[in-house]
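Written below as structure tokens is the structure these notes are about.
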Amino acid sequence: MDRHRQTPWHARKLTEVYETLHTSEEGLGDAEAAERLKKYGRNELRSKPPKTILQMLKAQIIDPMVLILIGAAAFSAILQEWTEAAVIFIIVIVNAVIGIVQEKKAQSSLEALRNMSAPTARVLRQGEESVIPASELVVGDVVMLGDGDMVPADLRLIDSANLKVQEASLTGESVPSEKEAEDILPEDCPLGDRSNMAYTSAIVTYGRATGVVVATGMDTEVGNIAGMLDNQDDTDTPLKRKLNAVGKTLTIVGLIVCALIFAIGAFYQRPLIPQFLVAISLAISIIPEGLPATATIVMALGVQRMAKKNALIRKLPAVETLGGATVICSDKTGTLTLNKMTVTHIAVNGDFENGTTTPIGNAAKQHPAVYRELVYAAALCNDASLDPDRKGEIIGDPTEGALIYMAQAFGIDHEALEDEYPRFFEQPFDSERKRMTTVHRINEKWISYTKGAVDEMLPLCTHILTSEGVRPITEADKENITKLCLSMSEGALRVLGFAMRTLMELPTDDDENVEFDMTFVGVTGMIDPPRKEVADSVRTCRQAGIRTIMITGDHKVTALAIAKELDIYREGNTVVSGEELDTMTDDELDDAVKTTTVFARVSPADKLRIIQSLKRTGEVAAMTGDGVNDSPALKAADIGVAMGITGTDVAKDAADMILLDDSFTTIAYAIKEGRRVYRNIQKVIQFLLVGNIAEILTLFVATLFNWDAPLLAVHILWVNLATATLPALALGIDPASKNIMKHKPVKSGTLFEKDLVRRVIIQGIFVAAMTTCAYWIGASMGGHVTGQTMAFCVLAFSQMLRAFNQRSNTEPIWVRAEGINPWLIVSFVVSALLMACILLVPALQNAFRLTLLDGTQWLIVIGLSLMSILQVEIVKTIKKHIHK
Numbered sequence: 038m039d040r041h042r043q044t045p046w047h048a049r050k051l052t053e054v055y056e057t058l059h060t061s062e063e064g065l066g067d068a069e070a071a072e073r074l075k076k077y078g079r080n081e082l083r084s085k086p087p088k089t090i091l092q093m094l095k096a097q098i099i100d101p102m103v104l105i106l107i108g109a110a111a112f113s114a115i116l117q118e119w120t121e122a123a124v125i126f127i128i129v130i131v132n133a134v135i136g137i138v139q140e141k142k143a144q145s146s147l148e149a150l151r152n153m154s155a156p157t158a159r160v161l162r163q164g165e166e167s168v169i170p171a172s173e174l175v176v177g178d179v180v181m182l183g184d185g186d187m188v189p190a191d192l193r194l195i196d197s198a199n200l201k202v203q204e205a206s207l208t209g210e211s212v213p214s215e216k217e218a219e220d221i222l223p224e225d226c227p228l229g230d231r232s233n234m235a236y237t238s239a240i241v242t243y244g245r246a247t248g249v250v251v252a253t254g255m256d257t258e259v260g261n262i263a264g265m266l267d268n269q270d271d272t273d274t275p276l277k278r279k280l281n282a283v284g285k286t287l288t289i290v291g292l293i294v295c296a297l298i299f300a301i302g303a304f305y306q307r308p309l310i311p312q313f314l315v316a317i318s319l320a321i322s323i324i325p326e327g328l329p330a331t332a333t334i335v336m337a338l339g340v341q342r343m344a345k346k347n348a349l350i351r352k353l354p355a356v357e358t359l360g361g362a363t364v365i366c367s368d369k370t371g372t373l374t375l376n377k378m379t380v381t382h383i384a385v386n387g388d389f390e391n392g393t394t395t396p397i398g399n400a401a402k403q404h405p406a407v408y409r410e411l412v413y414a415a416a417l418c419n420d421a422s423l424d425p426d427r428k429g430e431i432i433g434d435p436t437e438g439a440l441i442y443m444a445q446a447f448g449i450d451h452e453a454l455e456d457e458y459p460r461f462f463e464q465p466f467d468s469e470r471k472r473m474t475t476v477h478r479i480n481e482k483w484i485s486y487t488k489g490a491v492d493e494m495l496p497l498c499t500h501i502l503t504s505e506g507v508r509p510i511t512e513a514d515k516e517n518i519t520k521l522c523l524s525m526s527e528g529a530l531r532v533l534g535f536a537m538r539t540l541m542e543l544p545t546d547d548d549e550n551v552e553f554d555m556t557f558v559g560v561t562g563m564i565d566p567p568r569k570e571v572a573d574s575v576r577t578c579r580q581a582g583i584r585t586i587m588i589t590g591d592h593k594v595t596a597l598a599i600a601k602e603l604d605i606y607r608e609g610n611t612v613v614s615g616e617e618l619d620t621m622t623d624d625e626l627d628d629a630v631k632t633t634t635v636f637a638r639v640s641p642a643d644k645l646r647i648i649q650s651l652k653r654t655g656e657v658a659a660m661t662g663d664g665v666n667d668s669p670a671l672k673a674a675d676i677g678v679a680m681g682i683t684g685t686d687v688a689k690d691a692a693d694m695i696l697l698d699d700s701f702t703t704i705a706y707a708i709k710e711g712r713r714v715y716r717n718i719q720k721v722i723q724f725l726l727v728g729n730i731a732e733i734l735t736l737f738v739a740t741l742f743n744w745d746a747p748l749l750a751v752h753i754l755w756v757n758l759a760t761a762t763l764p765a766l767a768l769g770i771d772p773a774s775k776n777i778m779k780h781k782p783v784k785s786g787t788l789f790e791k792d793l794v795r796r797v798i799i800q801g802i803f804v805a806a807m808t809t810c811a812y813w814i815g816a817s818m819g820g821h822v823t824g825q826t827m828a829f830c831v832l833a834f835s836q837m838l839r840a841f842n843q844r845s846n847t848e849p850i851w852v853r854a855e856g857i858n859p860w861l862i863v864s865f866v867v868s869a870l871l872m873a874c875i876l877l878v879p880a881l882q883n884a885f886r887l888t889l890l891d892g893t894q895w896l897i898v899i900g901l902s903l904m905s906i907l908q909v910e911i912v913k914t915i916k917k918h919i920h921k
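The number in this note's numbering is simply the position in the sequence shown, starting from 1, with 37 added.
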């Protein structure tokens, strides 16, 4: 067996397939099958072993900021600064636990893919039929398929009878694919057009077939998808990448400042231990210890708000990622459309003459006799039925299901109609005739109804049904019908023709054909229609600077028609097919994705490649989908969004977010909420880093002037974790700006805009100046401990007060269109009470090495703390007047 064949199976003759696989149409012998099972393994999907707890812990610890904290804790322990050492170790442990818990929420995509495998299979072994577990199938086995069966492995069809297979989960097409075993196809034939193949997880909706197994397990098309999932590393979200960048920058700055401190200490000939104590304080001041927990809580609160709006977040960082999305790549079937074939237009005699169709809603209201015959033909010449266990669901071919729904629109009960006019004879659909006929007893007459391809039926029709009755059909009639059907097809409608005939007697099984001398009744046009709300959502996203791209396995004409209706495609955009994409280099694709809004007839690998291209070009890519074929791209995207109702388990488990109502409009809300979270986290980071910069500069200036340390490590830890964290959390739940969806997305790259960096530096310098000033005044008034206490108080109260003017970088502190944030007031009160405890309770006062301040000293502390707010408000006012 050549498992690594050069010529694909769909391009080979059956004799060559048998020869290559060393099998025959009678199947393998039991001994040979057992040998192959032992050699090549079971027909199951495999995956890499999951990460162990130790591996996850290692990933958490090797973070540069965490290593700095561990080093600071170790030096504190060596110097017997037990309070600092214990607090730092607790911080490290808490952050590691949070990270591991998040990672332990591992995806079960491969398990869901395994569940898609058929539990049993009917096989021929040495010419005898038997039923075996699907996992025991091997290459060369001959498998039999029937209506309703799930394909258990990838098959090259040996023979087929009117076979239709639903491959939507692999190809994205709503309509079942017609299969023909005798076809020999080109090597580059797309997956969805391989009519002589049946792939794992596809469902037989009509007919029967036998096929020889050409691939099992990980070698199947579904296995390839599993491999792509398995090989996709978890993508860091934009926020995580930006926080990592900030961490690296702070680490470098910290090392440089530490080196300067030791150099200055050497210049002043200071002992090493005091320098180590300052270095520990500096290391702690560099790390925003409260940031990871604060960011996690802010995102978790966003998750709760989104869940109430039917957006279920599976991975916490997905909240902020949507806020930064610049492109939404959406699968068509089931995401932009209903994944439900629906008759939208019908046409009868008058329509053919006018070259128009009648919308189904209008026709149902008019309900003339000519429509009744069309509806009867559609409902009776039909093998589908309503599922009694699932309200509104169809058993059988989706196309025939659409005809039953059409009958319901006209007030006709399909089951009651079949009972009243039972079927006595039928000629099933086959791919050669491209039509189906049934015969019924109606009003003491034998009536045949035929449905199928219009071009195949018209030559068999001698009459046409009009509002005045039946008359001979003319060449002009046929020309008008053909022209209208072509127009409907160009509009992406799937067109079916219907005809009828009154018979003198009931046909017998010996009658080869009753499909002649028929009366043409009319045509139906059906499509998987777009969701009504999607167009508005697409426009909302465009206003927010977010481009929507349709990526589908469906045909180009259908995809373009839907894209135009949903306002995804506009003049100047391009449409790229899978064949065109296959010829593109990565550089060419990177250019193409800038203007392309529709990718049609693409494979799962193509979808993955498109996502990778968008990410290479700097886009933050969201991918929506519901099928198996979407799962690799869902996992590779910055954020994967799956449909909760129509989505497969595979898509849901590969996604970061699930839309519980399958509504595209929920994405627009999720983006708004994501932007709110992103902006609020940005406020939090700015708020916390100003404090970090102030701490660094205060320590550096003291070292530069050979002063004793104005702040101890325990002081910095308290400010970073207690007095700063609560206001930071309050900022994290600030209401969203009313214009948040009128701004462009935050571009992936650095965390800060230039103005934000400037604000952080200026505010940090100012707070450091006030803190240093407080130390100098306090030391001159009451000595070193008094100076430390005043510096500590100014630093802490400045942080607490700055939270109020951190809400907006442009509006004054007393003006806020979104109203008051009560949690900010609560956080200030609680933080103030905590400060009072450590300043007034003797045991805590001693632990923090503080002293009581007198009235004058408190007035100085309050005045210097208020200066931080005043400085920010003055800058806002000046900038506002300059911009005017």
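All C-beta atoms in this analysis are idealised placements derived from N, C-alpha and C, irrespective of residue type, glycine included.
Query: VAL560 - partner residues in DSSP beta bridges; Result: ALA384 and GLY534
Query: Under the three-state DSSP convention, the category GLY655 falls into; Result: coil
Query: Cβ neighbour criterion (16 or more within 10 Å) applied to SER146; Result: Its pLDDT being 40, under 50, SER146 is placed unreliably in this model, and the coordinates cannot settle the point.
Query: Helix, strand or coil at HIS780 [DSSP, three-state]; Result: coil
Query: Start-end ranges of the alpha helix (DSSP H) lying completely within the region 689 to 753, minimum 4 residues; Result: 701 to 741
Query: Inter-stretch contact at 8 Å, needing at least 3 Cβ pairs: the region 654 to 663 / the region 673 to 690; Result: yes
Query: ILE383 versus ASN199: straight-line alpha-carbon distance, rounded; Result: 26 Å
Query: Three-state class that DSSP yields for LEU200 in the structure shown; Result: strand
Query: Three-state secondary structure (DSSP) of GLN464; Result: strand
Query: Spatially closest choice to LEU793 from GLY824, ILE802, GLN723 and PHE803, by CA coordinates; Result: GLN723
Query: Status (buried if at least 16 other CB within 10 Å, exposed otherwise) for LYS201; Result: buried
Query: Complete runs of the beta strand (DSSP E) confined to the region 550 to 636 [at least 3 residues]; Result: 555 to 564, 584 to 588 and 611 to 614
Query: Neighbour-count burial assignment, MET541, 16 or more Cβ in a 10 Å radius; Result: exposed
Query: Boundaries of the beta strand (DSSP E) in which TYR486 is found, first to last residue; Result: 482 to 489
Query: As assigned by DSSP and simplified to three states, the class of PRO973; Result: Past the edges of the chain, shown from 38 to 921, lies residue 973, and the structure says nothing about it.
Query: Minimum C-alpha distance to ALA416 - residue among THR436, ASN399, GLN403 and LYS402; Result: THR436
Query: Cα-Cα separation, VAL909 to GLY900; Result: 15 Å
Query: Residues near VAL613 by beta carbon distance below 7 Å, same chain, minus five either side; Result: ALA629, THR633 and PHE636
Query: Euclidean distance between Cα positions of THR703 and ALA337; Result: 18 Å
Query: Where ALA674 falls: helix, strand or coil (DSSP); Result: coil
Query: Straight-line Cα distance separating ARG653 from ALA750; Result: 43 Å
Query: Where the beta strand (DSSP E) containing MET525 begins and where it ends; Result: Not the beta strand (DSSP E): MET525 falls in the alpha helix (DSSP H), residues 512 to 527.
Query: Candidates ALA421, ASP434, ASN757 and GLU552, of which the one nearest GLN464 by Cα; Result: GLU552
Query: Same chain, Cβ closer than 7 Å to THR208, five either side skipped, listed in chain order; Result: LEU228, GLY229, GLY590 and ASN666
Query: Through-space distance from LEU838 to PRO849, alpha-carbon basis; Result: 14 Å
Query: Cutoff 8 Å; reference ASP434; Cβ partners in own chain excluding five residues on either side; Result: LYS201, PRO213, THR242, TYR243, ASP420 and ALA421
Query: Cut-off 7 Å between Cβ atoms - residues of its own chain near LEU734, not counting five sequence neighbours on either side; Result: GLY801, ILE802 and ALA805
Query: Cβ-Cβ distance between ALA235 and ARG162 below 8 Å; Result: no
Query: Delimiting residues of the alpha helix (DSSP H) encompassing LEU51; Result: 51 to 58
Query: Host beta strand (DSSP E) of PRO170 (start-end); Result: 165 to 170
Query: ILE868 - DSSP class collapsed to helix/strand/coil; Result: It should be pointed out that residue 868 corresponds to Ser in this sequence rather than to Ile. It is helical.
Query: Nearest to ALA414 (by Cα), restricted to the options LEU725, CYS830 and GLY534; Result: GLY534
Query: Collapsed DSSP secondary structure at ASP792 in the structure displayed; Result: helix
Query: GLU166 vs MET187 beta-carbon contact at 8 Å; Result: no
Query: Residues of its chain near ALA401, where Cβ-Cβ distance is below 7 Å and the 5 sequence neighbours each way are ignored; Result: ALA446 and PHE447
Query: Neighbourhood of ARG159 by C-beta, 7 Å cutoff - its chain only, sequence neighbours within 5 removed; Result: GLU166, VAL168, VAL180 and MET181
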